[in-house]
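All you need for this note's numbering is the position in the sequence shown, starting with 1, plus 7. C-beta: ideal position from N, C-alpha, C; glycine also. All values derive from a computational prediction rather than experimental measurement. One structure is given here, and the rest of the page talks about it.
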Amino acid sequence: MSRSKESSTTEPKAVKTSFRALSVYAKPHWLTFAAVLVCALMGIAADLFQPYLVKIAIDDNLMIGKNDYHGLLMICLFYVGLSVSSLFFSYLQNNLLQFAGQSIVAKIRKDLFQHIFKQSMSYYDKTPSGSLITHVSSDTETLNQFFTQVLLSLVRDGMTLIFIIVLMYHLDPTLTLYSMIVIPIIAIIAISFRRYMRKTYQLSRTRLSQMVAYVAENLSGMHLIQAFHQENEQMKRFVDRNSSYFQANLREIRTNVLFNRSFDILGNLSVAFITWVGGMAVFNKTIEFGVLYAFITYIRQFFQPINNITQQWNTLQSTTVSMNRIWNIFATQPEVNDKQNAKTIPLAKVKGEIHFNHVKFGYLKDISVLEDLELRIEPGEMIGIVGTTGAGKSSLISLLCRFYDVQEGSIRIDGTDIRDIAQANLHRMVGLVQQEPYLYAGSILDNVRMFDESVAREDVIKACQLVGADSLITRLKDGYETRISERGSGLSAGERQLISFARIIVFQPKILILDEATANLDSQTEQLIQTALQIVAEGRTTLVIAHRISTIIHANRILVMSQGQIVEEGNHSELLALHGYYEQLYLHSHGSMDAAQSIS
């Protein structure tokens, strides 16, 4: 009971807040909306004066004994002029409203996408990508429908209702009072349907979002689905979600149809009633026939704007839901924020010393991934990091990139807490190459320089030559201008990784992180990377999370991690001599102690 009462009181507040926020975006276009209002007024006047002209023609020109041909001709010409004027003003107001609506929604979509970009990684961990896609595309498009359809209907049809009542009262006050009997009935129907319609629209939007999220999830993991032959199972789950959306959408349509048909029946009954009452008045000669004709026409026109508004009720409800969802995203603040006085350190002054000072971290509140981690890395040092899955290797890297903030302790670069450094500055200091490189739809040139046109083509070519990617790229038909699709399909895993290596080199980070970056490479490509890595790592602090032990054998130090802590530390030979975790990992990788001894 209390929950329903609370929801009923907070829902209007949420709607009011959403419309207030929307008005901020609409405010710069107030002149356009004012012009739309003027066009609407002129168009309404042109439309509503037409039945009155027919009334004049009937009573003053067509009745027996009043054969005024000239007057009838003038009225007909005036009628045509009003029709043309109505079309002109309707065309003008629609174009103006479309321009304003598209401009507002484009700004909202841009701000929304920008706000999503600012969120911390924890936000993406909790939010399905399909839901975000729905918010940026579908929900913003619903707002566009609000401006171009709903707003126009509310303004034009609302004013039409007022003008019709004024004209009806001018024609005959008594018939007008009879006509107004239906207004309380209209109010009762609207109030009765309102809450139920809002629930059905909200449920429909939620089910749609869930279905889109599921589709996005499956498309991202399609290789895994096919590898495990789970197509049929995933299809069954999709059918369930599709069916849920179908049922919710069907309920929404039924509610909308029932709502609209109720008004149709009410309108027809009103016309029949007024025809009877007005007909009696004509028989009694208290009103003229032309007045009755105009009055019946206005009665029909009276229900038309009401019907138009109810037709837009669905969109209005969807707009409310979409606005709430969009403003909820805008209200979400990133967990990782820049301080007000965040530092920007020139890259030339960055040495690359790293200090993990008693760091504690966990993705979940009560489960620690890293526990009291203490680590100091000297400038220019190459550090290899190994360990079993879940040991905390990638978490350590994520914290250094400040994708997440530590729960206890601190991480310092050259003695400065990374929480005191502007994130944009930090991300220029630290370059990250991941196991699965992400390439965007575009040219190879743009992918290497991340669409930053300030990066010279010559610098891109040098970077590609350094990692050995140049020979692969120049063999392609269009060379560096070769277009690749999303995720780099059409290129091998090795070629994609070489491009991501070149991308890092172009931006010259002071700290280089390779997160199992050679795990998916063949031996020949890995050798290319190893050669390039020695060149790239020179003068840079380098952290290498290794899938293959061979990639870190020549590191200055190797850290062995287990359960969020560093359990062994040393170079390759020193760690083998300990006969501990590292030796087990090495033997698992190479299967021979003789090989280990020969390499060491």
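Alpha carbon to alpha carbon, what distance is there between K356 and E385?
-> When rounded, the distance between both Cα atoms is 15 Å.
For P312, which residues of its own chain have a beta-carbon under 6 Å away from its beta-carbon, when the five flanking residues on both sides are left out?
-> Only D164, T167 and L168 meet the Cβ criterion.
Give the single residue among V112, D118, A53 and H579 whose Cα lies nearest to the Cα of Y86.
-> Ranking V112, D118, A53 and H579 by Cα distance to Y86 puts A53 first.
Evaluate N263 with the Cβ neighbour count: other Cβ atoms within 10 Å of its Cβ, from every protein chain shown; 16 or more gives buried, anything less gives exposed.
-> Buried.
Residue range of the alpha helix (DSSP H) that includes S637 | Since the first residue of the chain shown is 8 and the last is 607, residue 637 is not available in this structure.
How many angstroms separate the CA atom of I511 from the CA atom of V413?
-> Taking the CA atoms as reference points, I511 sits about 25 Å from V413.
When the Cα of M242 is compared with those of N225, S580 and F124, which residue comes out closest?
-> Of the listed residues, the one whose Cα sits closest to M242 is N225.
Is the segment 374 to 391 in contact with the segment 453 to 467, if contact means three or more CB pairs nearer than 8 Å?
-> Using a Cβ-Cβ distance cut-off of 8 Å, the segment 374 to 391 and the segment 453 to 467 are not in contact, since fewer than three pairs of beta carbons, one from each stretch, lie closer than that value.
Where Q430 falls, given that 16 or more other Cβ within 10 Å makes a residue buried | The residue in question, Q430, is buried, as its Cβ has 16 or more Cβ neighbours within 10 Å.
Simplified DSSP state of M187, which is helix, strand or coil = The answer is coil: DSSP assigns M187 none of H, G, I, E or B.
List the endpoints of the continuous alpha helix (DSSP H) containing I63.
-> From DSSP, the alpha helix (DSSP H) with I63 extends over W37 to I63.
Out of T423, V45 and W37, state which residue places its alpha-carbon closest to the alpha-carbon of K350.
-> Ranking the options by Cα distance to K350, first place goes to T423.
Please name the residue in Q209, V143, R383 and D522 whose C-alpha comes closest to that of C408.
-> Minimum Cα distance to C408 is reached at D522.
Residue burial classification, H231 (beta-carbon count within 10 angstroms, cutoff 16) = The question names His, but residue 231 is Leu in the sequence shown. The residue is exposed, with fewer than 16 neighbouring Cβ atoms inside 10 Å.
Please report the Cβ distance between N267 and T213, rounded to the nearest whole angstrom; I am assuming they are in contact, meaning their Cβ atoms lie under 8 Å.
-> That belief does not hold up - the Cβ atoms of N267 and T213 are roughly 24 Å apart, past 8 Å.
Which term fits G482, buried or exposed, when burial requires 16 or more other beta carbons within 10 angstroms of its beta carbon?
-> A small correction: the amino acid at residue 482 is Arg; Gly does not occupy that position in the sequence shown. The C-beta of R482 has fewer than 16 other C-beta atoms within 10 Å across all chains shown, which makes the residue exposed.
If you drop the 5 nearest sequence neighbours on each side, which residues of the same chain put their C-beta closer than 8 Å to that of D118?
-> Only residues of its own chain outside the window of five on either side were considered, and among them F337 have a CB closer than 8 Å to the CB of D118, listed in chain order.
With burial defined as no fewer than 16 other Cβ atoms inside 10 Å of the residue's Cβ, what is the status of M187: buried or exposed?
-> When all chains shown are included, M187 counts as exposed.
Could you tell me how far apart the beta carbons of Y445 and S129 are, in whole angstroms, since I believe they sit closer than 8 Å?
-> Contact flag wrong, Cβ pair sits at about 20 Å.
CB of G274 within 7 Å of CB of F310, strictly | For the pair G274 and F310, the CB atoms are nearer than the 7 Å cut-off.
What are the boundary residues of the beta strand (DSSP E) that includes D522?
-> Its beta strand (DSSP E) spans residues I518 to D522.
What span of residues does the beta strand (DSSP E) with N364 cover, start to end?
-> It spans I361 to F368 - the beta strand (DSSP E) in which N364 sits, taken as one unbroken run.
Any non-hydrogen atom of the ligand COA within 6 Å of S557 CB | As presented, the structure is devoid of all ligands, the ligand COA included, so that no description of it is given.
C-alpha gap between I172 and N102, whole angstroms = Cα to Cα, I172 sits roughly 29 Å from N102.
Are S492 and A448 touching if we call contact CB-CB under 7 Å?
-> In contact: S492 and A448 (Cβ atoms closer than 7 Å).
Entirely enclosed alpha helix (DSSP H) segments - the segment 448 to 495, minimum 4 residues | Runs found: 451 to 455, 464 to 474 and 477 to 481.
Under a three-way DSSP split, which group does V437 fall into?
-> In this structure, DSSP gives V437 an extended state, which the three-state scheme calls strand.
Cα-Cα separation between L38 and L44, rounded to whole angstroms | Cα to Cα, L38 sits roughly 10 Å from L44.
Should the segment 145 to 163 be called in touch with the segment 321 to 335, which here means at least 3 C-beta pairs below 8 Å?
-> In short, these stretches touch, since the Cβ pair count reaches three.
Burial state of H177, where buried means 16 or more other Cβ atoms lie within 10 Å | Its Cβ having fewer than 16 others within 10 Å, H177 is exposed.
Buried or exposed: T549, going by 16 or more other Cβ atoms within 10 Å of its Cβ?
-> Burial call: buried.
Which residues mark the beginning and the end of the beta strand (DSSP E) in which T549 is found?
-> Counted as a single uninterrupted DSSP element, the beta strand (DSSP E) harbouring T549 occupies residues T548 to I552.
Distance, R258 Cα to R7 Cα | Residue 7 cannot be examined here, being either before or after the span of the chain that is shown, 8 to 607.
With a 10 Å radius around its C-beta and 16 neighbouring C-beta atoms as the bar for buried, classify Y589 as buried or exposed.
-> Result: buried.
Can you grab the Cα-Cα spacing for the pair S211 / I195, in whole Å?
-> One alpha carbon belongs to S211, the other to I195, and they sit about 25 Å apart.
S450 beta carbon less than 7 Å from that of R613 = This structure cannot settle anything about residue 613, because the visible part of the chain is limited to 8 through 607.
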